[in-house]
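See below for the structure under consideration.
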Amino acid sequence: MADPRSQVSASVPQKPLGFSASEGTTIEMDPMEYTLRKRLPRKLPKRRNDVYINMKTDFKAQLARCQKLLDGGAGHREICIHGLGLAINRAINIALQLQAFSQGALQLAANTSTVELIDDLEPDDPDEAGEPLTRTRNNSAIHIKVFYPSA
Amino acid sequence: MSGAKDRMRHKKMKNQPSNVTFSDRGSGGRSYNRLEHMRGPSQHSRPQQGGHSSWMIGRQDGGIIADQALPKYITASLFAKARAAEVNAMLRAVTKTTGSCHVFGALPKHMRRRSMSHNTKRLPCRLREAAHRMLARSQQAGQKEKKEQSKTKSRRARRRHGNLLLEFNRRQKKNKWLETHIWHAKRFHMIKRWGYCLGDRPTYKCYRASYRAMSTGCLLQDLSYYCCIELQGPEEQLLSALTKLTSKDTGPTFAAVQCVSGQREGSILLYRPDQYPHQPLGPVHFLWRPHSAKSTYRQLWIWAHPTLKQDLLPELQSVCQCFEAMAPATEANTSKPQAELGPADHLTAPTLSDPSSKPQNSRKRKQEGGGYDNYPAKKILGDGTRSLMTPVSWKSSKTDIVIIDLSMDVVRYRLIGPLSHTVLTETLLPATKCEVDTKVTSPFWWPEQCKNKESMSLHEQQADVFQLLKGLHSTSELPAGCVLGLTVDDPRLTLPKKKGKAASDLQGPQGVEEERRRELALRGIPAPCANSALWVHSVRDNVTNNKVSEQDLNRMKRELLVPGSMLPTPPEGRVPILLVHQAGKQHGEERQDWGCGWDLLLPKGWGMAFWVPLVYRGVRVGGLQMSLKHSQNKGMPHFPHDFPDCPAGNCFQEQQEIELLEKFKRRPPSKRTNYIKHGCLAPFRCPWQQLAEEWEDIVKHNGENSKPQPAKIEGAISPVGDNNTSQKSAFAVLRSRKVLRQMSFWCRPSSAHTRRVTRSFPTMLNHAIAMQLQEQWRRFLVWVRICVLGKGLPTLHAMLCVPTAEDLQQLRGDPQCSGPKEPRHKDHIHHLLKKSKRCKATLDCSSAAIKEDSSPTPKKEQDPGINSKEEQQSCPTPPLKDTHLITSTTVNKDPAFILTGESSTVMGSGDLSGVLERGLWPEPLPSVSSHCSRVTLGWVTQGDFSMATGRGEALGFVSLVGLLHMLLSQPADKRGTVLLRNPSSLQYRFAQLHVEA
């Protein structure tokens, strides 16, 4: 997933702030500086056969984990692979790899959805600025069911 | 001749009667005799030449020249005399008991039994009497040491409630107990710290399990030792007074919009009035009481660590000009205007000033309903940070501000982990309403509250929000720091029969509930809901004093018609509480929101009533150790460990040094780490001041070469440009968020990832900017987080060093490489120690009589005689400061050369009167930054294996100047790479440095 904290200059036009530097020169600043802080996506219920794909864990490890769920002692008939945002690609990749390894025994059923994410915009100058902003934005997600078709 | 052999011989000869040696005056002196004399330290006069001593031949091991010449004849009288002496000596040796003189020493080993030592009848008859005597004697000796008092009363009498309380009060005279003390003492290693008895870690194994609880379950801690200070007064006056202590540079202050409304709890670092950025005091949490519509009269709670409180309270008094101490009785009256409801019940207030009423108090516990533990009695004793007689509240003559010290008045529990909201919703039930009879005034606060329509609607609102929490999947879904006030039923009534485990609800809310939950996550808890009756002094007292005791509760349970059914809530069983959300990991990119949770604030006296039900919901309980690990994993500095510039942190460091030194000295000298050989100057403390000064010098030298150019730097503007006078004095830690953010950006190695950010961050690091920052923040340290790249486990006070260009090249070639090694240093002190010993010996020989030094000590006072010797051998060396000139990241020096140079300076300084410790540097330390082959940047203050990343992680400080210097010289792809070396190792390890902002 994307980097959770970064500097953005949200152009809130209400207060152009003159900032006087210690040398006496005046630097024109952006109207308002905010720190963007992304909250984690909402945790969803997790069964044993749910796999949430992320971009931090090694691809191979995640693939192996799915493989193990399918044919290990757990022996799930179906697993559900979830991917959000940037990880959608990887989720699809993993699902396809699983299918390829199984020599056609596995089938896929993909669903897409939209997940609402929350960002906090914290003003850098907390006293002058008004309310810290909180905004929502949407991100796409994919849920792939990987299953053995019931013979 | 070795000392050990000498001692052995000495021991052997100990029981030899001295007259034996002299009795054979006539026998001839043999060469081995003289030899014998030289070996034996205890013989005082050498035997003269003469007859041959046959017993000595027998004793002589080896008998070198024993039967060289047998005597031709022996004189009977002399011979008999000699033998008589021998026999005498033997007899004496046999009768005299040596060493451990137990009776059953007379028994062969296979017949000895352990039980004989206390049951004499197990011994054979002939030894019994002697054993009896021994037993009696040992008992007498034991009794003398033991206190008589404990045996005078029977155990039954001692355990009687009143007596037990007296005993408890006696035991907490010095270090106060928290309300959960007895619970903790049964399960934890308790340590006495900051005037309290606190649990450090459980006696059972749960380190890993506690970590798991923090990351997936719930961990509970008792933080009641934190001190609460209440400020009351008009809002503007409070704010104007408090702004002197804070700076906007470090983040939101007391005046932050969301905090002032009471919606959120804030945390901030306080400085001495108008001293920012120098002289910080320490971090505090603060919480405003929500507006009460009518007036601007506000209440503010400041939560501070007990070590911080002693510094903070005088400062607060001075900025608020509150110097008039108020009598405790009037304290209740001042809170009257705020007390909207409830009859004031100041049962404990008058007793506060009367220490002598302690015993009576424990007797009339019944009337007071003191409950599980006698809390009123506890209150009399004050708390751990103030003495009994000091006032607890002050008011101002000029302003309307009142300061009240509420330490130990409010219990604070902390729940950490994503499931903490589940634990709370399971444990707590919003208070049920009472049937109100409007005519009768109830002695309890809740029935009175029920009469008030307004407060009831608020209560319903709060209960509603609380129900919504059930639908959350993780505590981190809520906005950080939000506050919820609540009134709950006595949780003891709904105590589950069995200890279970709280699990989150898998279903989640549906429909309307879902919509409201979304609103909650987005907006947070509305400000009015943050109000609670816990703010009102009289209500707190009322609740505390009217608690149903455990005993009564059990009686009520017994009298229930249907055993095991739920008790109806008694009218006094409603408790006002405050729930404060604690944000998780905010900085950095991994593990966001790790370790978030809730703080539970309770009125005094109800600690155990809530503690046990919480524990029954399957939480883990952690101690001080876990709170340290919590902040370490969260990437937050922990007070007082990580605040070396605060007075409390400084104090902590000194204490730590003493402890570590003592621990070091407990080991046998031959088993101690020789830190000199490891090139570790200060293994037990971090000379921050010296480090900051040295780096300043280094840069000055550099600056002479390249002309400093004033440059404009966006954002990074110090509020004190002209505060140079105080800047001279002491180091401080950089806490300006703007500069820190820039530093954190500069410390990242460049990659595609960071390039994206660069768009909004036009300031790239260059010399001009660095020079300007160095000018502004000269003696500043930066708090950094260090992740080891490969192997390596950082420990306390590990060194952070600048890698050379070759090191980086090596790392680039092989990312798994283990890193460079420090060449072994030479221990010159060891030589000095030896030399001083030898020198002393020769001096002794030449000067005076043969004085035997029978107790050879490894450590000796420095002798002035060595100085001359030392000066001869020491070659003239350039002054130490010049070594700074080699400021590029390569310091290629011959360590031996430096050492001799330093040893000469050390000796030359001459103030080395203290005892030299083997393996430790003597006090005036040489240059700390350039002592080793890599330049030292700073030290680690906490280091451990991080279970979250599976690698070593550490938190420490580096010199800001040094860090800038290093970053400038590093290639972009390896920026922020440092070397890390433990004090007891020569191996450097590569690590990545992060600045958290």
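Just so you know, the protein sequences line up as chains A and B, in that order. Everything in the first sequence is counted per the UniProt record's numbering, starting at 1 for the first residue and increasing by one. Everything in the second sequence is counted per the UniProt record's numbering, starting at 1 for the first residue and increasing by one. Glycine included, each C-beta is placed from N, C-alpha and C at the ideal position.
Alpha-carbon to alpha-carbon, residue j and residue i
i, j, result
"Ile94/A", "Ala64/A", "9 angstroms"
"Leu269/B", "Phe957/B", "17 angstroms"
"Cys596/B", "Glu179/B", "25 angstroms"
"Gly75/A", "Lys68/A", "8 angstroms"
"Trp535/B", "Arg591/B", "35 angstroms"
"Arg824/B", "Asp200/B", "38 angstroms"
"Arg42/A", "Ser247/B", "35 angstroms"
"Ala85/B", "Ala76/B", "14 angstroms"
"Pro576/B", "Ser549/B", "18 angstroms"
"Glu315/B", "Ile403/B", "12 angstroms"
"Ile79/A", "Asn138/A", "25 angstroms"
"Pro290/B", "Arg298/B", "8 angstroms"
"Asp405/B", "Phe286/B", "14 angstroms"
"residue 998/B", "Ala502/B", "A query on residue 998/B cannot be resolved here, the shown segment of chain B reaching from 1 to 997 and no further."
"Tyr988/B", "Arg666/B", "28 angstroms"
"Val523/B", "Pro283/B", "Residue identity differs from the one stated: residue 523/B is Arg in this sequence, not Val. Distance between the alpha carbons of Arg523/B and Pro283/B is about 27 angstroms."
"Tyr34/A", "Ile118/A", "15 angstroms"
"Gln99/A", "Gln258/B", "52 angstroms"
"Arg838/B", "His831/B", "10 angstroms"
"Ser985/B", "Leu661/B", "18 angstroms"
"Met566/B", "Asn163/B", "34 angstroms"
Beta-carbon proximity check, residue i vs residue j, cutoff 7 angstroms
i, j, result
"Glu938/B", "Ser959/B", "This sequence places Gly at residue 938/B; Glu is not what is there. In this structure, Ser959/B lies closer than 7 angstroms to Gly938/B by Cβ."
"Leu493/B", "Phe466/B", "no"
"Thr941/B", "Leu955/B", "yes"
"Ser318/B", "Ala527/B", "no"
"Val51/A", "Ile88/A", "no"
"Val782/B", "Val995/B", "yes"
"residue 1052/B", "Arg540/B", "Residue 1052/B is absent from the model: chain B starts at 1 and stops at 997."
"Leu123/B", "Ala131/B", "yes"
"Gln742/B", "Val961/B", "no"
"Lys634/B", "Lys585/B", "yes"
"Ile302/B", "Ile416/B", "no"
Minimum Cβ-Cβ distance from residue i to chain B less than 7 angstroms
i, result
"Leu40/A", "yes"
"Thr134/A", "yes"
Cutoff 7 angstroms: residue i Cβ touching any chain A Cβ
i, result
"Gln592/B", "yes"
"Ser476/B", "yes"
"Leu522/B", "yes"
"Leu300/B", "no"
Integer Cβ distance of residue i from residue j, believed to fall under 8 angstroms
i, j, result
"Leu808/B", "Lys974/B", "5 angstroms"
"Ala91/A", "Thr114/A", "Rounded, the Cβ-Cβ distance is 15 angstroms, inconsistent with contact."
"Gly622/B", "Leu219/B", "5 angstroms"
"Ala431/B", "Asp489/B", "5 angstroms"
"Cys320/B", "Thr399/B", "7 angstroms"
"Thr136/A", "Glu122/A", "Actually they do not touch by this definition, with Cβ atoms about 16 angstroms apart."
"Pro306/B", "Tyr225/B", "6 angstroms"
"Arg208/B", "Met947/B", "7 angstroms"
"residue 1001/B", "Ser240/B", "Coverage of chain B is limited to positions 1 through 997, which leaves residue 1001/B absent and any answer about it impossible."
"Pro637/B", "Asp311/B", "Not a contact, Cβ separation roughly 17 angstroms."
"Pro644/B", "Phe444/B", "In fact, because the Cβ distance is near 49 angstroms, the residues do not count as touching under 8 angstroms."
heavy atom of the ligand ADP below 6 angstroms from residue i C-beta
i, result
"Cys482/B", "Summarising the ligand content, the structure contains no ligands, and the ligand ADP is consequently not present."
Contact list for residue i against chain E, beta-carbon separation under 9 angstroms
i, result
"Asp50/A", "Checking the listed chains, one finds no chain E in this structure; the protein chains it contains are A and B."
For the region 919-935 of chain B against the region 675-684 of chain B, are there 3 or more C-beta pairs whose distance is under 8 angstroms?
-> yes
Counting Cβ pairs, one atom from each stretch, are 3 or more of them under 8 angstroms apart for the region 236-243 of chain B and the region 207-226 of chain B?
-> no
Would you call the region 623-636 of chain B and the region 186-198 of chain B touching, i.e. three or more CB-CB distances under 8 angstroms?
-> yes
Would you call the region 927-935 of chain B and the region 611-620 of chain B touching, i.e. three or more CB-CB distances under 8 angstroms?
-> no
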